[in-house]
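The next block holds one structure in the form of structure tokens; read it before the comments.
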Amino acid sequence: MQHDSQNDLDKSFRSSAIGYWANQGVTDQEWNDHKWQLKNRISSLPQLEEHLNLSEDERNGVILSGTKLAMSITPHFFNLIDRDDPDCPIRRQVIPRVEETITSPYELSDPCGEDSNMPVPGLVHRYPDRVLFLVTDRCASYCRYCTRSRVVSGAGDQALETNYEAAFQYLEEHTEIRDVLLSGGDPLLFSDSKLEQILSRLRSIKHIEFLRIGSRIPIFLPQRITPELCRMLQKYHPLFVSVHVNHPRELTSEVKEGLECLANHGIPLGNQSVLLRGVNDNVETMKALTHKLLMCRVRPYYLYQLDLIQGSSHLQVPVAKGLEIIEGLRGHTTGYSIPQYVIDAPGGGGKVPINPDYIIQRNSERVVIRNFEGKTFEYPEPAVQPDPLLDY
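Be aware that the sequence shown starts at 3, since it is given in the working numbering, and climbs by one per residue.
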């Protein structure tokens with residue numbers, strides 16, 4: 003399934019214009035105010051029907067969405083949707099479909115095993131030297147394939163109950179932790195002052211070397227990325243921001259401006275895409291996306307195989323397709339454009355890198371490899387002489 007127009011695959015950065023809302027008396031000042039954007043999110047069936055030609059699968063999906071994951075779409079992101087195409091790659095990411103109510107036997111409510119690796123409420127300690135700090139359960143818009151749909155948006159049966167003081171105490175006591183990732187929900191929904199309280203407290207813990215923020219706010223709500231926010235974040239270097247873009251159409255001129263503001267304040271940016279059926283499951287779309295990301299000074303970081311989230315089978319892509327995409331990028335574009343394809347091992351196994359098979363044969367004497375053109379080459383293994391000072 004491929005619905006990308008040539009406009010989606012070029013390198014231009016079109017604006018998410020005020021559009022429909024201009025006819026409703028909305029001013030440019032209001033449109034560029036992130037608080038106005040949040041207040042005027044699309045969150046109901048009547049609002050959708052006013053703007054889109056909904057399919058029956060979408061209409062029924064919206065009716066049922068309140069029992070799993072709320073629907074909420076910022077006007078900025080909503081303006082990127084094709085009004086008449088139910089298979090629009092932007093539309094598939096944020097508008098519920100009735101397929102979400104179908105659960106396959108292998109799908110899980112907590113596919114990454116976060117709940118079982120949570121020593122205190124809201125803090126996931128799965129890797130030896132780093133933790134995931136879930137600071138909120140709210141987002142500007144809700145992705146229909148959300149890994150944490152069990153706790154995000156307030157619609158599901160399970161609630162996120164973060165204990166901030168217990169989390170800070172745990173971090174202070176565990177000196178092996180050097181890296182803290184703030185996520186949720188979306189930490190950049192917080193006010194500058196509230197976010198700074200968290201960052202400053204973390205920076206007071208001496209053994210924490212650097213901080214990360216995972217956010218889709220720069221994409222859903224680029225109006226939130228103000229010079230004031232960037233100056234505040236700049237005080238807590240080394241600090242990294244991981245954004246989440248799946249399709250080149252998401253990279254508007256407003257998004258590019260926000261990402262450049264972050265980069266201009268010394269914040270390294272990486273992108274984490276999720277491989278989604280009908281969104282980015284072909285080489286051409288992924289190449290266009292990674293090229294535009296680099297133009298925004300964002301390094302393509304991960305391409306995730308979709309987690310086994312309940313109700314996500316209509317968006318699942320075979321692993322073979324992911325490998326085909328990586329192979330279609332390797333050697334055909336700059337190495338900076340190629341993300342690492344990973345599977346987050348179900349049940350809490352962590353990220354496992356998945357790569358095409360470039361090693362054809364390997365023994366103690368040689369390695370036979372192939373390149374992107376299919377040509378084979380031999381690389382001799384060095385003859386290792388015994389050295390009492392070295393242990394191989």
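Where is the CB? At the ideal position from N, CA and C, for every residue including glycine. Predicted, not measured: the structure shown is a model, and the values here were computed from it.
Could you work out which residue in the options is closest to residue i when comparing CA atoms only?
{"i": "residue 196", "options": "179, 222, 235 and 182", "result": "235"}
{"i": "residue 2", "options": "148, 282, 87 and 271", "result": "Residue 2 falls outside the range modelled here, since the chain spans only 3 to 394, and no answer is possible."}
{"i": "residue 2", "options": "104, 108 and 365", "result": "A question about residue 2 goes unanswered here, because the residues of the chain that appear run from 3 up to 394."}
{"i": "residue 384", "options": "368, 375 and 128", "result": "368"}
{"i": "residue 19", "options": "102, 347, 382 and 256", "result": "256"}
{"i": "residue 139", "options": "128, 157 and 122", "result": "157"}
{"i": "residue 336", "options": "316, 374, 319 and 366", "result": "374"}
{"i": "residue 159", "options": "25, 67 and 348", "result": "67"}
{"i": "residue 135", "options": "142, 146, 148 and 168", "result": "168"}
{"i": "residue 218", "options": "363, 56, 78 and 164", "result": "78"}
{"i": "residue 101", "options": "155, 40 and 64", "result": "64"}
What's the C-alpha gap between residue i and residue j?
{"i": "residue 98", "j": "residue 153", "result": "17 Å"}
{"i": "residue 76", "j": "residue 267", "result": "26 Å"}
{"i": "residue 137", "j": "residue 252", "result": "25 Å"}
{"i": "residue 286", "j": "residue 307", "result": "18 Å"}
{"i": "residue 345", "j": "residue 240", "result": "27 Å"}
{"i": "residue 2", "j": "residue 248", "result": "Shown here, the chain extends from 3 to 394; a query on residue 2 therefore has no answer."}
{"i": "residue 166", "j": "residue 118", "result": "18 Å"}
{"i": "residue 297", "j": "residue 274", "result": "16 Å"}
{"i": "residue 16", "j": "residue 312", "result": "34 Å"}
{"i": "residue 319", "j": "residue 34", "result": "36 Å"}
Mind checking which residues open and close the alpha helix (DSSP H) that includes residue i?
{"i": "residue 303", "result": "Looking at the DSSP string, residue 303 is not in any alpha helix (DSSP H); the run it does join, the beta strand (DSSP E), is 301–307."}
{"i": "residue 221", "result": "219–222"}
{"i": "residue 358", "result": "It is not in any alpha helix (DSSP H) - residue 358 carries neither H nor E in the DSSP assignment."}
{"i": "residue 213", "result": "Residue 213 -> not in any alpha helix (DSSP H); beta strand (DSSP E) instead, spanning 212–216."}
{"i": "residue 233", "result": "229–236"}
{"i": "residue 52", "result": "47–53"}
{"i": "residue 36", "result": "36–41"}
{"i": "residue 31", "result": "30–33"}
Taking the beta strand (DSSP E) that residue i belongs to, which residues open and close that run?
{"i": "residue 242", "result": "241–245"}
{"i": "residue 345", "result": "342–347"}
{"i": "residue 2", "result": "The structure shown does not extend to residue 2, since the chain is modelled only from 3 through 394, so no value can be given for it."}
{"i": "residue 368", "result": "368–372"}
Quick check: is any heavy atom of the ligand NAD less than 7 Å from the C-beta of residue i?
{"i": "residue 160", "result": "In the structure on display, the ligand NAD does not appear, and there are no ligands present to speak of."}
Chain B beta carbons: is any one of them nearer than 8 Å to that of residue i?
{"i": "residue 211", "result": "Looking for chain B here will not work: only one protein chain is present."}
Ranges of the beta strand (DSSP E) found wholly within the segment 167–202, counting only runs of at least 3: 181–185
Which whole runs of the alpha helix (DSSP H) in the segment 67–152 are 4 residues long or more, in chain order? List check, alpha helix (DSSP H) in window: 77–80 and 93–96.
For the segment 324–336 and the segment 351–361, state whether three or more C-beta atom pairs, one from each stretch, are separated by less than 8 Å. yes
Which residue spans inside the segment 250–327 form an unbroken alpha helix (DSSP H) run of at least 4? 255–266 and 285–297
Is the segment 38–49 touching the segment 107–123 in the sense that three or more CB pairs, one from each, lie closer than 8 Å? The segment 107–123, when compared against the segment 38–49, does not touch it at the 8 Å Cβ threshold.
Pairing CB atoms from the segment 60–80 with CB atoms from the segment 239–246, are three or more of them under 8 Å? no
Any contact of the segment 208–215 with the segment 181–192, i.e. 3+ C-beta pairs under 8 Å? Contact annotation: the segment 208–215 touches the segment 181–192, with at least three C-beta pairs closer than 8 Å.
Per the contact definition of three or more C-beta pairs closer than 8 Å, is the segment 83–91 in contact with the segment 116–132? The segment 116–132, when compared against the segment 83–91, does not touch it at the 8 Å Cβ threshold.
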